[in-house]
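Peer 1:
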Amino acid sequence: TAIWAVVPAAGSGSRFGGDVPKQYVEVAGRPLIAHALDALLAHPRVDGAMVALAADDARWPGWTSHHDKPVLTCQGAAERALSVLAALDALRERAGDDALVLVHDAARPNLAAADLDRVIDAALETADGALLAAPVRDTLKRGDRDRSAGTQPRDGLWRALTPQAARLGVLRDALRRALADGIAVTDEAMALEHAGLRPRLVEGREDNIKVTTPADRALVEYLLRASAS
Ligand code: CTP
Ligand code: MG
Numbered sequence: 012t013a014i015w016a017v018v019p020a021a022g023s024g025s026r027f028g029g030d031v032p033k034q035y036v037e038v039a040g041r042p043l044i045a046h047a048l049d050a051l052l053a054h055p056r057v058d059g060a061m062v063a064l065a066a067d068d069a070r071w072p073g074w075t076s077h078h079d080k081p082v083l084t085c086q087g088a089a090e091r092a093l094s095v096l097a098a099l100d101a102l103r104e105r106a107g108d109d110a111l112v113l114v115h116d117a118a119r120p121n122l123a124a125a126d127l128d129r130v131i132d133a134a135l136e137t138a139d140g141a142l143l144a145a146p147v148r149d150t151l152k153r154g155d156r157d158r159s160a161g162t163q164p165r166d167g168l169w170r171a172l173t174p175q176a177a178r179l180g181v182l183r184d185a186l187r188r189a190l191a192d193g194i195a196v197t198d199e200a201m202a203l204e205h206a207g208l209r210p211r212l213v214e215g216r217e218d219n220i221k222v223t224t225p226a227d228r229a230l231v232e233y234l235l236r237a238s239a240s
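Under my numbering, the residues of the sequence shown are numbered 12 to 240, in order.
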């Protein structure tokens with residue numbers, strides 16, 4: 012099976028702020044997206060990557076890849092799900108509908124090889140797709156403005172991480188259908204669920220953090236430096 016990474020990197024990083032689009036913010040000496048792509052391309056089973064970039068991206072690539080696998084780019088869109096869909100459309104001719112795609116946020120620089128391996132294995136064993144996820148650890152409150160109006164049992168609740176994996180054709184159809192049905196699609200599994208599939212939850216490391224705010228960046232900087240030394 013051909014296995015391709017799909018990296019949405021067309022966001023603006025509005026919650027992060029600053030002048031540099033979030034995917035190009037440097038941590039441990041390299042942009043977030045360089046860490047994310049390296050983690051994906053370093054895996055022997057990954058054949059290459061398709062990266063969705065903003066139309067006005069002037070920074071790509073801006074660093075040297077350590078891998079000689081194809082890294083293709085396409086134009087992203089206004090929503091993450093639309094950027095992923097654009098990448099799948101662009102990858103389809105090259106890789107075909109049967110390729111396994113691993114959708115991974117450019118803003119998650121600390122992906123462990125063992126987690127990548129496990130989500131690939133899980134996705135190859137099922138027709139429903141698979142995603143890395145972490146069990147919810149905090150107690151969950153339902154807010155009524157600034158008052159707690161109840162506690163949501165956290166049993167069986169997971170936080171969705173990436174990579175999220177599925178066959179290209181299956182995911183493309185699911186995303187199209189979910190978007191056409193007006194679903195606010197925030198991850199690939201949501202689209203697969205809407206298509207009646209039950210993606211496998213693969214417990215992943217909690218330090219596979221998505222950098223959303225400057226505080227996340229400090230944490231990830233620490234984690235990346237610790238794993239490099
Ligand atoms: N992304 C994308 N296309 C979009 C929006 C997001 O490709 N229209 C990508 C981002 O570049 C990021 C990933 O999806 O790698 C996860 O999105 P998020 O963390 O929300 O990043 P941003 O959308 O850039 O940040 P914000 O929501 O704070 O603006
Ligand atoms: Mg966003």
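Cβ coordinates follow ideal geometry from the N, Cα and C atoms, glycine included. In this text, all values refer to a predicted model and were calculated from it rather than measured experimentally.
Quick one: does the C-beta of Gly-22 sit closer than 7 Å to a heavy atom of the ligand MG?
Peer 2: Correct: Gly-22 has its Cβ closer than 7 Å to the ligand MG.
Peer 1: Please indicate yes or no: does the CB of Asp-116 lie closer than 7 Å to some heavy atom of the ligand CTP?
Peer 2: Answer for Asp-116: yes, Cβ within range of the ligand CTP.
Peer 1: Within the present structure, is the beta-carbon of Arg-91 separated from the nearest heavy atom of the ligand CTP by less than 7 Å?
Peer 2: Within the cutoff, so yes.
Peer 1: With a 10 Å radius around its C-beta and 16 neighbouring C-beta atoms as the bar for buried, classify Gln-175 as buried or exposed.
Peer 2: Answer is buried; the Cβ neighbour count reaches 16.
Peer 1: Using C-beta distances below 6 Å, list every residue in its chain close to Ala-189, excluding the 5 sequence neighbours before and after it, in chain order.
Peer 2: Correct list, in chain order: Val-196, Ala-202 and His-205.
Peer 1: What residues are listed by DSSP as bridge partners for Trp-71?
Peer 2: For Trp-71, which the question treats as bridged, DSSP gives no partner whatsoever.
Peer 1: How about Ser-159: is its Cβ closer than 7 Å to a heavy atom in the ligand SAH?
Peer 2: This structure lacks the ligand SAH; its bound ligands are the ligand CTP and the ligand MG.
Peer 1: Val-38 to Glu-232, Cα distance in whole Å?
Peer 2: Cα to Cα, the separation comes out at about 5 Å.
Peer 1: Would a check of beta-carbon distances place Leu-51 closer than 8 Å to chain B?
Peer 2: Among the protein chains of the structure shown there is no chain B, as only one such chain exists.
Peer 1: Let me know the secondary structure DSSP gives Asp-155 once reduced to three states.
Peer 2: Strand, per DSSP.
Peer 1: The alpha helix (DSSP H) that contains Glu-214, what's its start and end?
Peer 2: First-last for Glu-214: 211 to 214, but that is the beta strand (DSSP E), not the alpha helix (DSSP H).
Peer 1: Can you tell me where the beta strand (DSSP E) with Ile-14 in it begins and where it stops?
Peer 2: It spans 14 to 20 - the beta strand (DSSP E) in which Ile-14 sits, taken as one unbroken run.
Peer 1: Measure the C-alpha to C-alpha separation of Ile-131 and Ala-101 and round it to an integer number of angstroms.
Peer 2: Taking the straight line joining both Cα atoms gives about 21 Å.
Peer 1: Report yes or no: do three or more beta-carbon pairs, one from the segment 101 to 113 and one from the segment 179 to 186, lie closer than 8 Å?
Peer 2: Result yes; three or more Cβ-Cβ pairs closer than 8 Å.
Peer 1: Any chance you could list the beta strand (DSSP E) runs of at least 3 consecutive residues sitting entirely within the segment 100 to 142, in chain order?
Peer 2: For the segment 100 to 142, whole beta strand (DSSP E) runs of length 3 or above, ordered along the chain, are 111 to 114.
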